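A quick write-up on the structure given underneath.
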Amino acid sequence: MHSEIFDQFRAIVGTGGLITQPEQLHTYECDGLTNFRVLPAAVVLPATTEQVQAIVRICHRERIPFVARGSGTGLSGGALPIENGIVISLTRMNRILEIDIANARVVVEPGVLNLDVTHAVSGEGYFYAPDPSSQQVCSIGGNVAENAGGAHCLKYGFTTTHVLGLEVVLPDGSLVHFGGKTLDRPGYDLCGVFVGSEGTLGIATKVILRVVRRPEAVQTLLAAFDSTNQAGAAVSGIIAAGVMPAAIEMMDNLAIQAAQAAVHANYPDCGGLLLVELDGPAIEVAALMAQVREICASSGAWEIRVAQSEEERAAVWKGRKAAFAAMGRISPNYIVQDGVIPRTALPEVMTEIERLSAQAGLRVANVFHAGDGNLHPLVLYDRRIEGQEGRAERLSFSILELCVKAGGSITGEHGVGEEKKAFMSVMFAEPDLDTMQRVRCAFDPERLSNPTKVFPRPRLCAERPGPYQPHPLETAGVAQFF
Amino acid sequence: MSPSSSDTEQAQAAWDELAAIVGPEHVRPATSADAVDGVSAGRVVEPGTEAALARVLASANRAGLAVVPRGGGTKLEWGHPPRRADLVLSTTRLDRVLEHAWADLTATVEAGSSVARFQAALAEHGQRLALDPLWPERATIGGILATGDDGPLVARFGSLRDLIIGVTLALPDGTLAKSGGKVVKNVAGYDLPKLATGSFGTLAVITQAVFRLHPLPHETRTLTFAAPAVEPLCELALAVQRSQLAFVALQLRTTGSGPSGLDVGFEGTGAGLDAQERVVLRLAAGVTRADPPPLVWRAREELWRGEEPAVTAKFGVLPAELAEFCALVREVAAAPPSLGWSLVAQAPGVGHVRLEAQTGDSLVAALARLRTGVERRGGTLVLLRCPPDVKARLDVWGSPGDSLPLMRCVKAQLDPAGLLNPGRFVGRI
């Protein structure tokens, strides 16, 4: 990249807002998925929307690809830089702009941390519902890009449910507004399309969030079963009884061991552990918790505890939230996956994961958002042993294929990013992907905004819209798109 | 293309092709009953499968026929009148519930199924699609999705966009594309179910949808309060929203003549309902409790009945500014020549208002004032039912905002010839 381009960036953000030294650029070479690394040409740190616009205008003029980045905690390589491209880091745009308790709205810049939104409104008895495990460090901008979930989205919905409006810098540098503080605004739901688009449609510079009133009572039940299948049966029983918990989480024995080793979670040593959280009016919660207790007992739970106080609850959750990081205690390396299955397919899928795990000679720990079928299998391996990493990758991908075969998805909350783009063709047919890419062409015809992510094959926006036409080499069986 | 010009050879060939796709018995000349908001239609085509529907679209696209998709036809008058309506594409025959995975709390349904029929099928396993749109007996799944019509339960379960998890779209060029999936949690690819929701059939025809479901409630209870003036009820509504009550619906009803009402809906166990009732009554000290009117949660349907000429419009305001909005409506309606009016806010900040007047002129003047007042405070006012002379003089959608050029780009990508519901949407898309 020419030095005069750097000068132009410097003129916008000042000397302190531009990073070009390789040793400093290494900080940005990957996100939470560390096995993909690319050094960007530069990192630019704007502090205002106008600066973001000015930077993106230069990128547009010079056809420089850019990747927006929040806290860099993503687990699918969505914020992986692009060679010869720049990273636009939004960490300096970290102001909470407005707190409107009367209307339960908070307006923030993208660099604001997820948990800081809750901190800003908790004094008024409100909270921000999406709660990814990284909520202490992940940013709202990143949450918007990935449509972040969390344990409590079973009841409260995902990031997309809680984002009512956006200010967005489009890939040509123009500024647009989607949605707003009021509901049901006329026009296409571009806010809904943008959330979860993994940085491929532009950069959000302002986000209007909905916050939620804290419920009167919260109770968390912990139940120990001999197997995940038994625990799964209890989940089915709870759903069938018409109970809608705020969260249902499950861990298998290996995950429990790791959590014990890492944070002394005081979990019973069992084959399948279930956490069920109910919230709402106190009397309602008490009545439903009695029912959940009964269902767990009749499904074979041999130990049941109900955390009543905030401290007890925090202790119960500590092990679960630390589960990924805890793997380091029982394995030098691990790959975390994010497949989704129809909840009822759990027993067959678990059996198959066990078979695949034995076949590969690698251990798999399992942590699930059991209520909505979101599996986080953790494939454990040792990079120092030759061939293990490759086997671990193949095993984790086989698990994703298994999820799609069971009628599910390759990602429930981590995003497709760089890591799983080849798997989009497993889940979607070419016309499906082509239709999504047409939408992308409306936003980013020059393909500058995080252009290499999400889709296995980029669509050239000058292509005439129309049904997917296979390349002659494909029809001849000579080549295949992945 | 008008029916008379369809006599040309080329047009006849196009109609023959359509008849060959769906069977001649499923193509008929349109009657006056098929007119779309005053625009007469050419023919009505009723495909029996999703694949046939896609082929009809492709064929119509090649022949340059403007297509108006139609479900139950309950909301055809919403939006601007189409520029043309060569072909009404009816989804009536696509009415199957394809799958009810009750243990997974999801269901897949074809677009032409009526909402009531779908709900009846779900109820067999004690479940429901947790929304309550207008005229559920006739309104179809495709129709409520295209118009984004949900109802009071949004207060607890979210709106349609939060409940739809997958969709199949038939594009004008005949592409059938799926997006989303059959699982509640899924972030693979763009969220096209949301793009389709509320897009008024201008991007694609929805052929089937997958929804997340909720259990039918153990018990329900509605508490109704009445007052001569709306202000104490608005205050009570705000107090309920600020409380820790787990209400599922909160509805305000008011009118230019007569008392106002506030309805608070709850679901849960008997004990839980009793406890919540006690809290509401404490918050409502000084406000008179009343019996809920019959079909209380369908109150907004009344806004489509009564003296003509009248306009029924949808409004969106900040939840805490509902009282100001009611005052604005009252003030606008009181200006001579005074107008009759009634209003139902079926959810916090969202509702419908009806204005009745002697002449179109006074309706136009009142609506223009009302819209200015609402938009100044960041809200929206969209005209739904509206006499043609009023529609001709006001944009039914209001200010489209700065994303209109991008919306046009999205339209151009999915419907480059501009033949799906031409002219009906925001910015005459």
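Protein chains in written order, with our numbering: chain A, 8 to 489; chain B, 3 to 431. The C-beta atom is built at its ideal place from N, Cα and C for all residues, glycine as well. All of these numbers come straight from a predicted model, not from anything done at the bench.
Collapsed DSSP secondary structure at residue i in the structure displayed
| i | result |
| --- | --- |
| residue 319 (chain A) | helix |
| residue 434 (chain A) | helix |
| residue 397 (chain A) | helix |
| residue 63 (chain B) | helix |
| residue 33 (chain A) | helix |
| residue 413 (chain B) | helix |
| residue 262 (chain B) | strand |
| residue 96 (chain A) | strand |
| residue 325 (chain A) | helix |
| residue 366 (chain B) | helix |
| residue 404 (chain A) | helix |
| residue 8 (chain B) | Low confidence applies here, because residue 8 (chain B) scores a pLDDT of 47, under 50, leaving its location unreliable; read the following figure in that light. It is helical. |
| residue 108 (chain B) | strand |
| residue 23 (chain B) | helix |
| residue 269 (chain A) | helix |
| residue 69 (chain A) | helix |
| residue 479 (chain A) | Residue confidence for residue 479 (chain A) is low, a pLDDT of 48 falling below 50, so the modelled location carries little weight and cannot support an answer. |
| residue 185 (chain A) | strand |
| residue 412 (chain A) | helix |
| residue 450 (chain A) | helix |
| residue 12 (chain A) | helix |
| residue 488 (chain A) | Caution is warranted here: a pLDDT of 44 is assigned to residue 488 (chain A), below 50, making its placement in the model unreliable, and the coordinate value is therefore given only provisionally. Coil at residue 488 (chain A), not helix or strand. |
| residue 305 (chain A) | helix |
| residue 34 (chain B) | helix |
| residue 27 (chain A) | coil |
Interface partners of residue i on chain B, CB under 9 Å
| i | result |
| --- | --- |
| residue 450 (chain A) | 408, 411, 412 |
| residue 140 (chain A) | Those within 9 Å of residue 140 (chain A) in chain B number zero; the least Cβ separation is about 15 Å. |
| residue 461 (chain A) | 190, 191, 192 |
Residues bridged to residue i [DSSP beta-bridge criterion]
| i | result |
| --- | --- |
| residue 318 (chain B) | B:352, B:382 |
| residue 270 (chain B) | B:221 |
| residue 286 (chain A) | A:225 |
| residue 343 (chain B) | B:357 |
| residue 384 (chain A) | A:373 |
| residue 76 (chain A) | A:96 |
| residue 210 (chain B) | B:112, B:170 |
| residue 28 (chain B) | Residue 28 (chain B) is not bridged to any residue. |
| residue 257 (chain B) | B:344 |
| residue 178 (chain A) | In the DSSP output, where bridge partners are listed per residue, residue 178 (chain A) has none listed. |
Chain A contact residues for residue i, given Cβ-Cβ distances below 7 Å
| i | result |
| --- | --- |
| residue 196 (chain B) | 196, 199, 200 |
| residue 39 (chain B) | Going along chain A, no residue has its Cβ under 7 Å from residue 39 (chain B), so there is no contact; the nearest lies around 17 Å. |
| residue 382 (chain B) | 189, 192, 193 |
| residue 128 (chain B) | 249 |
Contacts of residue i in chain A (Cβ-Cβ under 9 Å)
| i | result |
| --- | --- |
| residue 105 (chain B) | 243, 246, 247, 349, 350, 351 |
| residue 402 (chain B) | 193, 194 |
Contacts of residue i in chain A (Cβ-Cβ under 8 Å)
| i | result |
| --- | --- |
| residue 399 (chain B) | 193, 194 |
| residue 423 (chain B) | Here the premise fails: no neighbours, minimum Cβ distance about 13 Å. |
| residue 82 (chain B) | Here the premise fails: no neighbours, minimum Cβ distance about 12 Å. |
| residue 334 (chain B) | Neighbours of residue 334 (chain B) on chain A: none; closest Cβ ~19 Å, over 8 Å. |
Chain-ordered neighbours of residue i on chain B, where CB pairs are closer than 8 Å
| i | result |
| --- | --- |
| residue 446 (chain A) | 192, 194, 197, 412, 415, 416 |
| residue 379 (chain A) | 185, 186, 187 |
Nearest neighbour of residue i, chosen from the options [CA to CA]
| i | options | result |
| --- | --- | --- |
| residue 459 (chain A) | A:128, A:427, A:122, A:32 | A:427 |
| residue 82 (chain B) | B:118, B:149, B:62 | B:149 |
| residue 353 (chain A) | A:178, A:242, A:204 | A:242 |
| residue 212 (chain A) | A:358, A:33, A:104, A:384 | A:104 |
| residue 144 (chain A) | A:77, A:172, A:110 | A:77 |
| residue 275 (chain B) | A:288, A:273, A:282, A:278 | A:288 |
| residue 40 (chain A) | A:425, A:13, A:455 | A:425 |
| residue 390 (chain B) | B:382, B:311, B:373 | B:311 |
| residue 179 (chain B) | B:210, B:188, B:153, B:260 | B:210 |
| residue 21 (chain A) | A:267, A:361, A:397, A:99 | A:99 |
Chain B contact residues for residue i, given Cβ-Cβ distances below 7 Å
| i | result |
| --- | --- |
| residue 294 (chain A) | 271, 273, 274 |
| residue 416 (chain A) | 183, 185, 188, 190 |
| residue 204 (chain A) | 192 |
Length at least 4, wholly inside the stretch 103-175 of chain A: the alpha helix (DSSP H) runs in chain order: 121-129, 147-153, 160-163, 166-169
For the stretch 209-260 of chain A, list the beta strand (DSSP E) runs that are entirely contained and at least 3 residues long, ordered along the chain. 210-217, 224-232, 254-259
What residue ranges within the stretch 71-135 of chain B form continuous beta strand (DSSP E) runs of no fewer than 3 residues, ordered along the chain? 89-92, 99-103, 108-112
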